[in-house]
Each structure stands twice: as structure tokens, then as C-alpha cells.
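Position 59 of the sequence shown, counted from 1, bears residue number 54 in this note's numbering, the numbering being contiguous throughout.
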Amino acid sequence: MHNPDRTVPSSYRERLSPSLWLLVSAAVCAPMAAVVFSPIDTTLALVIGLAVGVVLVSSLILTAPVVTLADGVLRVGRAHIPVTDLGDPEVLTGEEARAARGGGLRRDDWHLLRGGIDGVVRVPVSDDDDPTARWVFSSRTPDRVAAMITRAQRGR
-4 MHNPDRTVPS SYRERLSPSL WLLVSAAVCA PMAAVVFSPI DTTLALVIGL
46 AVGVVLVSSL ILTAPVVTLA DGVLRVGRAH IPVTDLGDPE VLTGEEARAA
96 RGGGLRRDDW HLLRGGIDGV VRVPVSDDDD PTARWVFSSR TPDRVAAMIT
146 RAQRGR
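This is the structure:
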């Protein structure tokens, strides 16, 4: 049976957490810290090593930027802009995303790009008073972000 009264989410949230390889690299610091303190005391070395690993990995995850769209405002990291000041979003993946992160990035673009995240969303800024031409940011689900921006612009 079809339910026409289906609830569609009106907000979006995504944490741009670091790649697995970066987290593994940070975790490798734990045994290195333990080796430094092993001549003093083995138990102390294990505790310090574990603490270093936990602190590094958790700080990488907790300080990762967040992309949110709620109440008509797009927030990427610490920056925010009303969706009414944005144009039509463009979804980039694969080679297009690679080009947008490299040579296709203009100096008047605002960007928040993360390695290990393939998708890119590029949104032109339509506010004439804003010196920024476009917002370019990473997303694991760029098509969902673009759809939510378009939906918020239409006021649904």
C-alpha cells in the first residue's frame, strides 16, 4: 500500500571524518609512544601509549568539519550562508571532482576539501555583495546535499 504522507527529512548532517588510513596512521603513534616509556615502566608505557592513541584518533574524529543544512542555512565547517543566497548546486564525482579540487578551483571560491572523500558539491553564490563566487566542499553523498539545498531553496 502506498503512503502519500511519507515523511521526508528537512535537514541534512554529515561529518567529514578522516579516512581510515589517516586514523590508522594516528593509531600507530600509540606503540611508538609506548616504546619511548618502556625503559621506565612497562605498565606506564602501555597506559601512555593507549592514551596517546585514543587522544589522537578521537581528536581527529571530533574536530572533523561538519556539513549541515537546517532552517534554510547551509553550514560547512564554521562558515554558513542562507540557501536563498545560493544558486543551483552542481554535483561532481570522479574526474570532475578531481579537477574541481585541483586546477578548477578558482581563487575567489570558498572551499573546504578533504582528502579521501571523492564527492564534491559546487554551489554558486548569487549574492552580489558577497565576494565569494562559489562554495566548493567535499561530501560523501554530494547528490543528497544538492537535493537538500534545492529543496530548501524551494521552501519545502
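Note that the Cβ used here is the ideal one computed from N, Cα and C, for glycine as well.
This structure is a prediction, so every number in the text was calculated from the model and none was measured.
Taking the CA atoms as reference points, TRP130 sits about 50 Å from THR38.
Taking the CA atoms as reference points, SER14 sits about 34 Å from ASP36. Between GLY114 and ARG135 a beta carbon distance of about 6 Å is seen, short of the 8 Å cut, so the two are scored as contacting.
Per DSSP, SER133 is one residue of the beta strand (DSSP E) stretching across 129 to 133. Under the three-state reduction of DSSP, LEU41 is assigned to helix. Taking C-beta atoms under 8 Å as the contact rule, LEU107 and GLY72 qualify, at a distance of about 5 Å.
The C-alpha of GLY150 lies about 13 Å from the C-alpha of ASP80. Residue SER133 holds the alpha-carbon nearest to the alpha-carbon of GLY110 among SER133, PRO26 and ALA46. In chain order, ILE56 and ALA59 place their CB closer than 7 Å to the CB of SER12, counting only its own chain and leaving out the 5 sequence neighbours on each side. CA-to-CA, the gap between PRO119 and ASP138 works out to about 16 Å. When the Cα atoms are used, ALA142 and GLY89 turn out to be separated by approximately 19 Å. For the pair GLN148 and ASP83, the Cα-to-Cα distance works out to about 9 Å. Going by DSSP, ARG10 is part of the beta strand (DSSP E) stretching over 7 to 10.
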